[in-house]
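See structure below.
Number of protein chains: 2
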Amino acid sequence: MKNALAERVANTVRNIPDFPKPGIQFKDITPVLQDGSLFRSITHYFAERVVDREITKIVGIESRGFIFGAALAHELGIGLTLIRKPNKLPFEKIGVDYELEYGTDRVEMHADGVGNGERVLLIDDLLATGGTAAAACDLLNQAGAEIVEVAFLIELGFLEGRNKLEGQHVHSLWNIE
Amino acid sequence: MKNALAERVANTVRNIPDFPKPGIQFKDITPVLQDGSLFRSITHYFAERVVDREITKIVGIESRGFIFGAALAHELGIGLTLIRKPNKLPFEKIGVDYELEYGTDRVEMHADGVGNGERVLLIDDLLATGGTAAAACDLLNQAGAEIVEVAFLIELGFLEGRNKLEGQHVHSLWNIE
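Rendered as structure tokens:
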């Protein structure tokens, strides 16, 4: 475990066996959010990493990425853009389809969510197989954004989702190898 | 318009006709979130209202309530609890069903989301007919929480959703009467 904060997260996250389906051990982060001191420390941690990087927008992935993204955007005093599941965003938008183990899924972003040349930090709670994050990066590239960092609270390193994010600067607070 | 901040919000929110269905004029708040200065001012506004009220938990309603709730929790240095749509939360939970115009819906919260006697601020982006917010209040009452304030960015006052929240301290930043 690389640092004390990661250890606090690891000790607070709740493991839920067989959710949402048999064989998956779900990482329940709600105890982390409910601990105000820990939640604040996490936001400071992510903010400190990029405070000198001239980030212009935080981009959060639905829906737990909204939570860390919102706190981080507030801390840095910059805007938050949402990447959502299909048919949630009401305005003109762009989308990327991606493969799941069975079937396909899609992420969408408003066409004005990120401007050409903006420097963004993309954030979500969990990096698993990396499909959603990779699709989100495609979306941001389509919009002409520069992705400064792709940040996660937790990385399931053994799933090697990082391989789908080749060329990106990927950082996870707690990497489960 | 009661204050300058409400006016900024009103000028920034985007009206989307016929979304998600014909006849509904959707209030798209994404331009508000994307404006870092405005987003920060909104969070400060909500925080200042309750800074002396000994709030112990912010409770956000899925999913845009997570965004304002997370920033507010971070600002106040307290925890965030999530009220979600059915089957999203993985741990032991409590739930409340409520009536929609056609059919029913349900909100859920982890059983340990809010402790007995906790002083909470419940937040969401929009008060419309009030069904979801009223169900969320029922949930919090079940958990034994004291609801100090129910806060919204926008209130569609003409829908009179406030009537469903009788006995609560309801506050909206921008009330469209």
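Order-wise, the sequence lines are chains L and W.
First residue of the first sequence? That's 1 in this note's numbering, and the numbers climb one at a time after it.
First residue of the second sequence? That's 1001 in this note's numbering, and the numbers climb one at a time after it.
All C-beta atoms in this analysis are idealised placements derived from N, C-alpha and C, irrespective of residue type, glycine included.
Along the stretch 1089 to 1113 of chain W, the alpha helix (DSSP H) does not occur as any fully enclosed run of 4 or more residues. Out of W:1037, W:1026 and W:1003, the CA that lies nearest to the CA of residue 1016 of chain W is found in W:1026. Counting C-beta atoms within 10 angstroms of its own C-beta, residue 1040 of chain W has 16 or more neighbours from the protein chains shown and is therefore classed as buried. Cβ-Cβ separation between residue 1151 of chain W and residue 1113 of chain W: approximately 18 Å, too far for a contact (criterion under 8 Å). Chain L places no beta carbon closer than 9 Å to that of residue 1046 of chain W, leaving this residue out of the contacts.
Between residue 1096 of chain W and residue 1106 of chain W, the C-beta gap is smaller than 9 Å, which places the two residues in contact. By the neighbour-count criterion, in which 16 or more other beta carbons inside 10 Å mark a residue as buried, residue 117 of chain L falls on the exposed side.
A distance of 9 Å or more separates the beta carbons of residue 115 of chain L and residue 164 of chain L. In the DSSP annotation of this structure, the continuous segment of the alpha helix (DSSP H) that includes residue 1032 of chain W starts and ends at 1030 to 1034.
Taken through DSSP and simplified to helix, strand or coil, residue 163 of chain L comes out as helix. Runs of the alpha helix (DSSP H) lying entirely within the stretch 6 to 62 of chain L and spanning at least 4 residues, in chain order: 30 to 34 and 36 to 50. When C-beta distances to chain L are compared with 9 Å, the residues of the stretch 1010 to 1023 of chain W below that value are 1014, 1016, 1019 and 1020, in chain order. Less than 9 Å separates the beta-carbon of residue 76 of chain L from that of residue 58 of chain L. Between residue 1029 of chain W and residue 1154 of chain W, the C-beta spacing is below 9 Å. Contact of residue 1063 of chain W with chain L by beta-carbon distance below 7 Å involves 62, 63 and 66.
In the three-state reduction of the DSSP assignment, residue 1003 of chain W falls in the coil class, being assigned neither a helical nor a strand state. Taken through DSSP and simplified to helix, strand or coil, residue 128 of chain L comes out as coil. Not a single CB atom of chain L sits nearer than 9 Å to the CB of residue 1054 of chain W. The beta-carbon distance between residue 1036 of chain W and residue 73 of chain L, rounded to whole angstroms, is 6 Å. This is short enough to meet the 8 Å contact definition. Check the Cα spacing between residue 1148 of chain W and each of W:1066, W:1126 and W:1047: the tightest is with W:1047. A Cβ-Cβ distance of about 7 Å is found for the pair residue 53 of chain L and residue 119 of chain L, placing them in contact under the 8 Å criterion. Not one beta carbon of chain W lies nearer than 9 Å to the beta carbon of residue 117 of chain L. Assignment of beta-bridge partners to residue 175 of chain L by DSSP yields L:155. Residue 1143 of chain W has a beta carbon lying at 9 Å or more from every beta carbon in chain L. From the beta-carbon of residue 49 of chain L, no residue of chain W is found nearer than 7 Å; the closest lies around 16 Å away. Among the CB atoms of chain L, one or more fall inside 9 Å of the CB of residue 1031 of chain W. In the DSSP assignment, residue 1146 of chain W is bridged to W:1119. Per the coordinates, the alpha-carbon of residue 1111 of chain W lies some 30 Å from the alpha-carbon of residue 1173 of chain W. Closer than 9 Å to the CB of residue 1043 of chain W there is at least one CB belonging to chain L. Within chain W, the C-beta atoms nearer than 8 Å to that of residue 75 of chain L come from 1074, in chain order. The Cβ-Cβ distance between residue 1087 of chain W and residue 20 of chain L falls below 9 Å.
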